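Its first residue numbered 13, the sequence shown is counted upward by one per residue in this note's numbering.
Notes for the one structure printed next.
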Amino acid sequence: MVQALSTEIDFETATPSPIDSVQRKIDISPASFFLDRVFKLKDEHTRSRVFLWEVLAKILGLYQSDYKNSPNAARVESKQFLEAKCEQEKIRVTSETSVLTMMAKLIVSDNRQLAAGYALVLTTADVMGQTENSFCAWLENEGGIEKVRKTYDAKGNPRPAKSPVSQSILAERGRRRIGTNILCTVDSQELEDALPPVEVDRERTAIVTCHPDGSVSIRAIVNDQGVLTRAYAAYANQPQSANASAESDENLSIN
13 MVQALSTEID
23 FETATPSPID
33 SVQRKIDISP
43 ASFFLDRVFK
53 LKDEHTRSRV
63 FLWEVLAKIL
73 GLYQSDYKNS
83 PNAARVESKQ
93 FLEAKCEQEK
103 IRVTSETSVL
113 TMMAKLIVSD
123 NRQLAAGYAL
133 VLTTADVMGQ
143 TENSFCAWLE
153 NEGGIEKVRK
163 TYDAKGNPRP
173 AKSPVSQSIL
183 AERGRRRIGT
193 NILCTVDSQE
203 LEDALPPVEV
213 DRERTAIVTC
223 HPDGSVSIRA
233 IVNDQGVLTR
243 AYAAYANQPQ
253 SANASAESDE
263 NLSIN
């Protein structure tokens, strides 16, 4: 009597046949290759970032050993040599340009904003007592170049924290921005049955619908003062259009 062979497969230990392997390769879509290349570029970017940080660390070490800790006469001479080299390389510098900025321009990038950012990071690291050996770990802990730029100023001091602007201040800015500007006025006879009369001018928030033909429907009037304040605050944050009040926002500063 011939027994039937078991057809159950142990997927934990079974070894795929060569045919299975070929089929699996065929099943890989172009999107998989695309994603693979994306992550390879990401790895390259990470390596380039690490290399940049290592170069900045070497700049810091060179600055500290050969400039900062040198006698005054040597520092003056070194700065003059750097200025002459920048002039030779057609890199714009002024008498106020720091040595670290010139080093960053000559070594890393002559782009003004990039060099200033790198110099800020290096200055901050120096002020905080970092060295060539500790720089990369410190920069990683600080959150990277961009985070340091936002957290510290050009002298390496922490930037003052920006306190949030209160709703009432924003509302006052909105009122000043509107000024006496009026988009349109509707005759009282058209609204006498819809709105309650008032003895003096009252500001209210309106719910309106703008129609494609240019007309506007007033849907309701909201008497809540808090809603009015929030509306003014929202208007203060709204980008100013060409048809808005000509009053400049520079004159709207509220302390």
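All C-beta atoms in this analysis are idealised placements derived from N, C-alpha and C, irrespective of residue type, glycine included.
Predicted model, so just to flag it, every value in this text is computed and none were measured.
Query                                                                                                                            : Result
Cβ neighbours of residue 179 in the same chain (closer than 8 angstroms, five flanking residues each side left out)              : 241, 242, 245
Alpha-carbon to alpha-carbon, residue 173 and residue 219                                                                        : 37 angstroms
Those residues which DSSP pairs with residue 228 across a bridge                                                                 : 222
As assigned by DSSP and simplified to three states, the class of residue 38                                                      : With a pLDDT of only 48 at residue 38, under the threshold of 50, the placement of this residue in the model should not be trusted, and no figure is reported.
Proximity winner among 90, 122, 162, 144, relative to residue 104 (alpha-carbon distances)                                       : 122
Nonlocal neighbours in the same chain, by C-beta distance under 7 angstroms from residue 129, ignoring five residues either side : 157, 161
DSSP beta-bridge partners of residue 217                                                                                         : 234
Proximity of residue 132 and residue 96 at Cβ, strictly below 8 angstroms                                                        : no
Counterpart residues of residue 170 in DSSP-defined beta bridges                                                                 : 164
Proximity of residue 216 and residue 234 at Cβ, strictly below 8 angstroms                                                       : yes
Length of the line joining the Cα atoms of residue 138 and residue 248                                                           : 41 angstroms
The region 81-94 contacting the region 138-152, beta-carbon criterion three pairs below 8 angstroms                              : no
Burial state of residue 98 (16 or more Cβ within 10 Å)                                                                           : buried
Which listed residue (64, 42, 51) has its alpha carbon closest to that of residue 127                                            : 64
Through-space distance from residue 190 to residue 135, alpha-carbon basis                                                       : 44 angstroms
Sequence-distant residues of its chain with Cβ nearer than 6 angstroms to residue 73 (five each side left out)                   : 144
Three-state secondary structure (DSSP) of residue 109                                                                            : coil
Local conformation of residue 156 per DSSP, three classes                                                                        : coil
Own chain partners of residue 237 with C-beta closer than 8 angstroms, once the 5 adjacent residues on each side are dropped     : none
Sequence-distant residues of its chain with Cβ nearer than 7 angstroms to residue 239 (five each side left out)                  : 217
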